[in-house]
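In our numbering, the protein residues as written are 165 to 564. Every residue, glycine too, gets a C-beta built ideally from N, C-alpha and C. Taking it in order: structure first as structure tokens, then the write-up.
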Amino acid sequence: MNVVRLSLRPGLARHLRAGHPWVFRKGLEQVPRIPAGSVVDLTEGGKFVARGYFDPHSPIAVRVLTRDVRESIDQAFLEGRIARALKLRRSMLDLSATDAFRWVHGEGDGLPGVVVDLYKRLAVVKLYSAGLTPYRAMLVAALRAVMPELSGILGRDQAGDGETLEEDEGRGGGHLLFGTAPEQLTILEKGVRFRVDPWRGQKTGFFLDQRENRALVRHLAAGARVLNCFCFSGGFSVNAALGGAAQVFSVDQDADAIALARENFRENGLDPEGHDFLAADVFRLLQSFRDEGRQFDLVVLDPPAFAKTQRAVEAALDGYASLNRQALALVAPGGLLATSSCSARVSPEAFLGALKEAAAKAGVDLTLVEERYQPADHPVALAFPEGRYLKFHVLRAQPW
């Protein structure tokens, strides 16, 4: 293994020794001209600190893979990390009625920039760094070695300059890396059936990180009038209907997502004609409903990330406050607002601050009745707080 040695700027080594997996370009004494994916040893005062891979195209120049000088970055290394991740899922998740989960979650599993979602026996891989491109074949071989029963491996690469795993929500097309991959497949999540498009659907085809929260909404929705905003393929909507909601209104700007949401109702024996679906701008619809005096017992907000750069955080917080204020105007007295943020740069405290601002402007008292973060298959390294991206709160609203 050919390894390039790179010197760190003073003071950075202690963060890496504590477990942080990133080195920005400005953290290096000198940025080398070496190919993407080159294995590099980070040093301080000539002493080894950590080993990782180099990305010449990203602000994050090096992503750390190990702090053990004895470890080589090869297929055996990848197999070890991938097997460890799978063992964690099988020990932490109830898979008796669920056959889809995040198998590898980047930094949380010691493989920065690598995401692998498992849908039955199909693995969908996203690589969030150009530095990982040379390792694609090795990753495929490692996945097959750890799980020989895989029927296919599909690539949905995001190899670019994104900093966090949750920034990209686009529909970039897939490419087959091994075996076969159907155009669509049906997964099981806590006994609920969902159609997934692994080739073109957002992320890898489904938002697996909201699994537990969808089940919570199913519990909360009995007899309720439910409005699900940014519904995508209807995960919260289907669960609300299965939980006995009196009526579910699902809205998303993407007409294809609305069509898939209707299909997911049918997949679960629900008549979509008994509920409402609309392809429309959520913000305009909320204003229209307010003008009409419409009210709901439960409003669900699951918007895309508002802050994809650090510079966008302030505007994102204003956006969250505005969106939640509009939604609160539609919550019936004593009703519930289930609201989330997947912006990694927006801290839990800042998000709660935006919700307090929304409540003040809407003239309601909010009581936090449930506070959740990402599930066990999206683990967070304590030394990497940037990995704690998902925030999901259920609040009871009462007018002043």
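Taking all protein chains shown into account, Trp267 has 16 or more neighbouring C-beta atoms within 10 Å of its C-beta and is therefore buried. In this structure, Arg389 lies away from Gln374, with their beta-carbon atoms at least 8 Å apart. Here Arg248 has Asp273, Gly274 as same chain residues with Cβ atoms under 8 Å from its own Cβ, once five neighbours each way along the sequence are excluded.
In the DSSP assignment, Asp529 falls within the beta strand (DSSP E) that extends over 528–536. Sorting Glu208, Leu384, Ser293, Tyr283 by C-alpha distance to the C-alpha of Ala261 places Tyr283 at the top. Ser414 counts as buried, since at least 16 other C-beta atoms from the protein chains shown sit within 10 angstroms of its C-beta.
In the DSSP annotation of this structure, the continuous segment of the alpha helix (DSSP H) that includes Ile246 starts and ends at 239–256. Shown here, Phe188 sits in a strand according to DSSP, grouped into three states.
A check of alpha carbon separations from Phe371 across Glu208, Phe358, Arg382 identifies Phe358 as the nearest. A direct Cα-Cα distance of roughly 22 Å separates Pro220 from Gly551.
With a cutoff of 8 Å on beta-carbon distance, Leu318 and Leu303 are scored as not near each other. Cβ neighbours of Lys555 within its own chain (closer than 7 Å, five residues either side excluded): Ser504, Ser505, Pro512, Phe515, Tyr537. Cβ contact annotation for Ala287 (same chain, cutoff 8 Å, sequence separation greater than five): Trp267, Val280, Asp281, Leu307, Met311, Leu314, Gly316, Ile317, Leu318, in chain order. The alpha-carbon of Phe447 is positioned some 33 Å away from that of Gly270. By the criterion of a C-beta distance shorter than 6 Å, Ala518 is surrounded in its chain by Leu481, Tyr484, Ala485, once the five residues flanking it on both sides are discounted. Around the beta carbon of Gly355, fewer than 16 other beta carbons sit within 10 angstroms, so the residue counts as exposed.
Straight-line measurement puts the Cα of Val402 at about 30 Å from the Cα of Val278. Between Ala561 and Leu530, the C-beta spacing is below 8 Å. Leu450 places its beta carbon 8 Å or farther from that of Gln417. Distance from the CA atom of Ser293 to the CA atom of Ser255, rounded to whole angstroms, is 29 Å.
A direct Cα-Cα distance of roughly 26 Å separates Leu296 from Pro468. Looking at the DSSP output, Tyr217 bridges to Val203, Arg227. By DSSP's assignment, Val495 forms a beta bridge with Phe460. Distances from the alpha-carbon of Pro185 to those of Tyr217, Val228, Pro362 put Val228 closest. Only buried fits Glu353, as 16 or more other CB atoms lie within 10 angstroms of its CB. DSSP, reduced to helix, strand and coil, places His383 within a helical segment of the structure shown. In chain order, Val203, Val204, Asp205, Arg215 place their CB closer than 8 Å to the CB of Val167, counting only its own chain and leaving out the 5 sequence neighbours on each side.
A direct Cα-to-Cα measurement between Arg181 and Ser236 gives close to 18 Å. Taking the Cα positions, Leu424 is about 16 Å away from Ala405. From the listed residues Lys211, Val213, Glu208, Ser222, the smallest Cα separation to Pro199 is found for Ser222. Closest option to Pro539, judged by alpha-carbon separation, among Phe548, Arg253, Ala225: Arg253. Of the residues assessed, Leu259 falls on the exposed side of the cut-off, its CB having fewer than 16 other CB atoms within 10 angstroms. The alpha carbon of Asp232 has as its nearest neighbour, out of Ala409, Phe241, Val226, Val360, the alpha carbon of Phe241. If you look at Arg389, you'll find it in the beta strand (DSSP E) that goes 389–393. For Arg475 and Pro436, the gap between their C-alpha atoms comes out near 41 Å.
Leu380 sits close to Glu534, with the two beta carbons spaced by under 8 Å.
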